[in-house]
Amino acid sequence: MKATGVHALMDLVARHRVVAVLAFLLVFPLLMPYEALAVNILIFGLYAVGFNLLFGYTGMLSFGHAAFLGVGSYLTGMSIVHAHLHWLLAIAVGVAAAALVGLLIGHLAIRTRGIYFSMVTLALGQIVYFAFYKAESWTGGENGLRGVTVAPFEVLGLRVDLTNPIAKYYFILGFVALALGLVSRILASPFGAVIEAIRENEKRALACGYDVARSKILVFVLSATICGLAGSLRALHLSVVPIDSLHYLQSGQAVMMCLLGGMGTFFGPFVGAAIFLYLEDVVTSLTRHWMAVVGAIFILFILFFPRGVWGSLMARWQRSATREPSSPAVEQSGPA
Amino acid sequence: MSNAIEKSAPASTVTSRRRLLQAAAAGTALASSPFAINIVRAQGAPIKIGFPTPLTGAFSAEAQDQVRAAELAVKEFNDAGGFNGRRVELLVRDDKLNPGEAASRTLELIEKDKVDFIVGSLSAATQLSINAVTRERKVIFNSISQSDAINEAKDWSPYTFHEALNPHMTAGAVARYAFPKFGKKVVYLTADYAYGHEMVRGFERAGKALGATTLADIRHPLGAADYSSFLPRIQALKPDVLVLCNFGRDLVNSAKQATDFGLKESTRLVTPVLLFTSRVAGGSDAFEGVVGGTSYYWGMEDSIPAAKVFNDKFRRAYGGAVPSDYGALGYAGVRSVLQAVLNAKSTDSDKVSDAMGRLEYNWYKGNQFYRKCDHQSVQSVIIVESKSKGMKDKNDVFTVASIEAPSESNLRSCTELGHKG
Amino acid sequence: MNGRAASDILIEARQVSQRFGAFQALSDISVQFRAKQLCAIIGPNGAGKSTFFNILSGSISPSAGSVWFKGQDITGLAQHEYARHGIAKSFQITNVFKQLSAHENVRVAAQMRHARFDFFNPRARLSAVASQADALLERVGLAHLRNRSAGDLAHGQQRALEVAMALAAEPQLLLMDEPTAGMSPEETVVMMGLITQLAAERTVILVEHKMKLVMGICQTLIVLHHGQLLAQGSPDEIRANAEVRRVYLGQG
Amino acid sequence: MGELTPQLLALQLVTGVALGAIYALLAVGLSLIFGMLTVVNFAHGAFFMVGAFLGIYFQTLTGSFLLSLVITPAVVGAVGMLAERFLVRPLYGRGIDYPLLLTFGLSYILIESMRVVFGIEGLPSATPAALRGSVDLGIGRFPLYRLALIGATAVVVLGLWLLIEKTRFGLIIRAGSRDPEIVRVLGVDVAKVWLLVFGLGTAIAGLSGVLAAPTRAVNPEMGITVLAESFVVTVVGGMGSLMGAVVAGLLVGVVFSMTSLLAPEFAELSIFVLMAIVLLVRPQGLFGKAGLMA
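Residue numbers (our numbering), protein chains in the order written: chain A, 1 to 336; chain B, 337 to 757; chain C, 758 to 1009; chain D, 1010 to 1303.
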């Protein structure tokens, strides 16, 4: 009876996963110690979701995704600081640039597999890092890009002032919602089935008549686009663009978040980002040895919850779901 | 009693507990005793100073010393009765030396903790991103680490103050001391980022007047662990002076490896900022004979009374330890803001900014004041030389070679920085 | 059954040779396969069966010679192009999408003909594909396991699933590399039955070293030996062939 | 650049080789572990760092650099074995992601524990008295210690080569790196071999730490950049190929050294560009796929 209760709930969640996550995110700020943290979770949640498209669903472990977060941030920031573009246009520029860089890096990197793929993406990511580091007059170099400020503006008759944390949260949530909607559609689309097939068995996917190389490039670009949007939003959030947002340690963060939450699940990365940032926030304010604590928690998760928090929940639920073969969620939308 | 807790617990965690205690105290007080009213007033809403600094990572030693010194300033102020009964509270946050983290933490301090002022930072990048957040929200930020950019009109705001030296002042002072003494043929080994370039600019400006010539400016990747591959060329150039325009661990590594390459036999090693902690960590061999600048060295207490006073306070509070250069800045940074609060009789950003701009103070190293146009603290630069023998204890690492008196003429002009007037 | 028009030749190998470094795996093989026939490539181990199979199925392109499908040169086309032309294969080592459900396995395979890069519309809309997948599962006798993940199926069931996936592409040519490898006698019987059915609608080419297994059901046999085409013809002709007896049956 | 004399180039080359020596040593350890266990050890840099700290500790304790050259790797190797036995082993057969991420977490713990034990500022490291100062090579002055470093690396690599080519243990490693099944067939307890190989790899990381300590500042974060560099080397050489690790180590060292001379600002980038180019031309790295010592 308990299982069926959980099942019913999860089933509902899986059917309307975007609605569910949004409903949650609407009240989310109330659960967080302060808005800036909630906004960070939104942004890095989106970043992790975008990364998960490649890592969790297609099985390609990239160490270069900071490049897309960073390019999104910088191009949005630079369009505002130097070109004085409208914020919406600036976001568009950032996202487009990230997609373009995704196309370039993806096109090169998919020639390699496994750890070599990870390393090529790492190397190409570092090259992007260096390019922005050296272009000091445009990017501010190591000092970072400052002055990404947006004057209060009107949206649908509502006055939005980004220095007001609550307003900023819901403003950014709007974009995150759109992006999550897109990701959800991608996963439920025919192409969504193809990338999972590629993850499961590349050889067979080829034999089935799928152009694996092109599919990989497409998913790489989609992933880069999502991460680029996360970057753009971050530039507006922080009103600065730190060079670190292009650093490979930032790429590593995406991996950790996916893993904590559960890679290859829809909510997993978001849950992971929330846990990661919340833990970091709490632990850092409690002890100066936060690295040890974070490291230990990380190891425990890999050893005992390899599926991640959300992933483990999903697994339990699906076990009960497969007992009732008539669960639509299983065949159509796949794991939530 | 809330006092006791504040001392025992690290500043960053006391807040919430203190609030509870206050509420309780105030509640019971109001209910009962006739002293209720003034207890409540004495407990009145605290003045909050946010203090973002890299408690973890490469410069955590300096950062934690900054915190200790800042807490000293806070304690002094509170013991002296605070600002008409309002106590000061220091909210320390770890920015992990990461500008993004620094910005988020500053947002947290302003939005959640509703701090009145921000003091802190330990790198150019973090101070600039903190500043970007504070100026947009009209919160006063007193930066206690080095940067030239923060003086420039592009980043500056009426709420921006710079307590620390900037690279231009430091490098200039070291150049004016070193070039005439050690020779005019100069090679720079420069960390490839704004701060490094700013220091080279400072040296070359001062050097031009002294007829120094630059043989080469070799830029190395920031945070490089090995410098050997840059040294053969320097060796071949045979300069009189090798200026290491880098900071902290980069300095330790490059000085150490330059020494291994035998460069010291024909060349003097000079650096704009010779950190107390780096010297302690790097050991005397690597730093033997290295000359550099600093904002403060405890050893100047022999000639500067204010330094003696400050050192003794610090020793008393922290079991005989002496304050480091950046630590001292933590003290000055907080104390200036609090003095301005007293002068302005208010915590309002504009009033305090105005009072701070008119401040003339001598907290620990002689007379200082903030320049009108960019709020750069005009102050003396101390030139120190690293000791390798005859050290009294582990803290006795430098000899004070000279002290350059404060002078606006050693700063870049307001117009050059893009300020009107 | 001889003397048919060349028009109904489905796939053809012309002077195909393959060498790996110094080793000549195949030399100058020319074979034609007719439409709607069940054919088997046989020969002792190391005869070059699998190499020839891989060339026909496009996994490797020959070092010399060409492969023609429906009168069109398809040599050196990309793997996935073969499937699109209507050439499907099942591997020797079972090769399914382990974590996906049996139904999803077949559904993905069937989807190829309808949508490959559409990342926006719900795949639930392709109801034709879903029902085709169910039909195929029915046909290979896995309908009752549709929601079980492929990895959990028994070996024989996985082979059957592979056949269903191969059929999903509605191929004119089905290439099967030792379809009964590692199967229990019972499973083998079922599988061979299924294969004979399939051959009624399309050409099926098996690679098999258990000669007896195919003798009964095939119309044509190709015998390879040391990378050479040893013989080609109906089971009876092959039985009668002295060469074959010597090198093949001779050794059991 | 006017002053590009042959002497300078030669000295630059020697410098590059000395740099490459440490890279090679680190990469050999990584490659050994990957080749045998297909574990991408993200804690390698941390083990290097621990090696540097313990190296100084034992040197001051025993008063002998040579002694600490022996003790430290043993201790670090032991730590490595503990990690393999209790943390990495449960993850075998779960793909390369999990061990990789686990060792990443482990590196955090190692870094923090060194901070706690030896302090956040790190330890001052002194060059052993016998190897202080610099010698004139005729092409310019060069630190005596770095010459010794090249020698030491050569010795270690030679020893490793003998171990792998001439001993039964080596035979097992060579077989295992191609196919673990063979090892089982040989009737060897694979688990024990894996334990030893992981220990050996981490011990080598520790050793490189001891050797590198006198040339640089020893602090808890010193392993982080080193990790990235040694990965570049391992991947350029081809994961799992010791020969590749050595060759790529020297190659990367020399490339870095030469760019530092000709275009110093691009020194850091150069090795990543090198890696990108190598992998795009040869996706398996220079010596990838080939046998361990091939």
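By construction, the Cβ of each residue, glycine as well, lies at the ideal position given by its N, Cα and C atoms.
Remember, it's a predicted structure, so these values are computed and weren't measured experimentally.
{"Query": "Just to confirm the assignment, what range does the beta strand (DSSP E) spanning B/Pro388 have?", "Result": "Ile383 to Thr389"}
{"Query": "In the DSSP assignment, the beta strand (DSSP E) including C/Met933 goes from what residue to what residue?", "Result": "Leu930 to Asp934"}
{"Query": "Is there a C-beta anywhere in chain D that falls below 9 Å from the one on A/Leu242?", "Result": "The residue you asked about is not Leu; residue 242 of chain A is Pro in the sequence shown. No, because no Cβ of chain D sits closer than 9 Å to the Cβ of A/Pro242."}
{"Query": "Name the DSSP bridge partner or partners of C/Thr808?", "Result": "None; C/Thr808 has no bridge partner."}
{"Query": "Which chain B residues are close to A/Leu238, counting only those with a beta carbon under 9 Å from its beta carbon?", "Result": "Pro435, Gly436, Ala439, Ser440, Leu443, Ser465, Ala468 and Val469"}
{"Query": "Could you check the C-alpha separation between A/Arg15 and A/Ala167 for me, to the nearest Å?", "Result": "30 Å"}
{"Query": "Would you kindly report the start and end of the unbroken beta strand (DSSP E) that includes D/Arg1150?", "Result": "Arg1150 to Pro1152"}
{"Query": "Quick check on B/Gly666 - is its C-beta less than 9 Å from some C-beta in chain D?", "Result": "no"}
{"Query": "Compute the distance between the beta-carbons of D/Phe1051 and D/Leu1115, then report whether it is under 9 Å.", "Result": "yes"}
{"Query": "Could you tell me which chain D residues have their CB closer than 8 Å to the CB of A/Pro152, listed as they occur along the chain?", "Result": "Under the 8 Å cutoff, chain D gives no residues; its nearest Cβ is about 41 Å from A/Pro152."}
{"Query": "Which runs of the alpha helix (DSSP H), 4 residues or longer, sit entirely within the segment 1071-1096 of chain D?", "Result": "1074-1092"}
{"Query": "Determine which residues share a DSSP beta bridge with C/Phe780 and list them.", "Result": "C/Phe777"}
{"Query": "By the criterion of Cβ-Cβ separation under 9 Å, what are the contact partners of C/Met933 in chain A?", "Result": "Result: empty, since nearest Cβ-Cβ is about 12 Å, beyond 9 Å."}
{"Query": "Quick check: is the beta carbon of B/Pro494 nearer than 9 Å to any beta carbon in chain D?", "Result": "no"}
{"Query": "For A/Gly295, go through chain E and note every residue whose CB falls closer than 9 Å to its CB, in chain order.", "Result": "Annotation note: the requested chain E is absent from the structure, which comprises protein chains A, B, C and D."}
{"Query": "Report yes if the CB atom of B/Asn746 is closer than 9 Å to the CB atom of B/Gly508, and no otherwise.", "Result": "yes"}
{"Query": "I'd like to know if B/Tyr632 contacts chain A, where contact means its C-beta is closer than 9 Å to some C-beta of that chain.", "Result": "no"}
{"Query": "Helix, strand or coil for A/Val240, going by three-state DSSP, please let me know.", "Result": "strand"}
{"Query": "Which stretch, first to last residue, makes up the beta strand (DSSP E) that contains B/Asn487?", "Result": "No beta strand (DSSP E) contains B/Asn487, which DSSP labels as neither H nor E."}
{"Query": "How is B/Tyr524 classed by DSSP in three states: helix, strand or coil?", "Result": "strand"}
{"Query": "My understanding is that B/Pro382 touches B/Glu425, with C-beta atoms under 8 Å, so please give their C-beta distance in whole angstroms.", "Result": "4 Å"}
{"Query": "Give me, in chain order, the residues of the same chain whose beta-carbon lies closer than 6 Å to that of A/Ala90; leave out the 5 immediate sequence neighbours on both sides.", "Result": "Thr76, Ser79 and Ile80"}
{"Query": "CB-CB under 7 Å to B/Glu540, same chain, minus the five flanking residues each way: which ones, in chain order?", "Result": "Thr550"}
{"Query": "Residues in its own chain within less than 7 Å of B/Phe623 by CB, not counting five upstream and five downstream?", "Result": "Ala591, Arg615 and Ser722"}
{"Query": "In whole angstroms, what separates the C-alpha of D/Ala1226 from that of A/Gly262?", "Result": "39 Å"}
{"Query": "So, helix, strand or coil for C/Glu965, using DSSP?", "Result": "coil"}
{"Query": "Please state the DSSP three-state secondary structure of C/Cys796.", "Result": "strand"}
{"Query": "Does A/Gly114 get closer than 9 Å to chain D when you measure Cβ to Cβ?", "Result": "yes"}
{"Query": "Is the beta carbon of B/Asn582 less than 9 Å from the beta carbon of B/Thr607?", "Result": "yes"}
{"Query": "By alpha-carbon positions, which one of A/Leu26, A/Ala48 and A/Ala188 ends up nearest to C/Ala881?", "Result": "A/Ala188"}
{"Query": "How about B/Gln715 and B/Leu501: do their beta carbons lie closer than 9 Å?", "Result": "yes"}
{"Query": "Compare the beta carbon distance of C/Val961 and C/Leu931 with 9 Å and say whether it is the shorter of the two.", "Result": "yes"}
{"Query": "Using DSSP bridges, identify the partner residues of B/Leu605.", "Result": "B/Leu578"}
{"Query": "So if DSSP puts A/Val145 in a beta bridge, which residue, or which two residues, is it bridged to?", "Result": "Sequence check: residue 145 of chain A is Leu here, not Val. A/Leu145 pairs with A/Val241."}
{"Query": "I need the DSSP call for B/Ala394, collapsed to helix, strand or coil.", "Result": "coil"}
{"Query": "Reducing DSSP to helix, strand and coil, say where B/Ser344 ends up.", "Result": "Only weak support is given to the placement of B/Ser344: the predicted model assigns it a pLDDT of 36, under 50, and the question is left unresolved by the model."}
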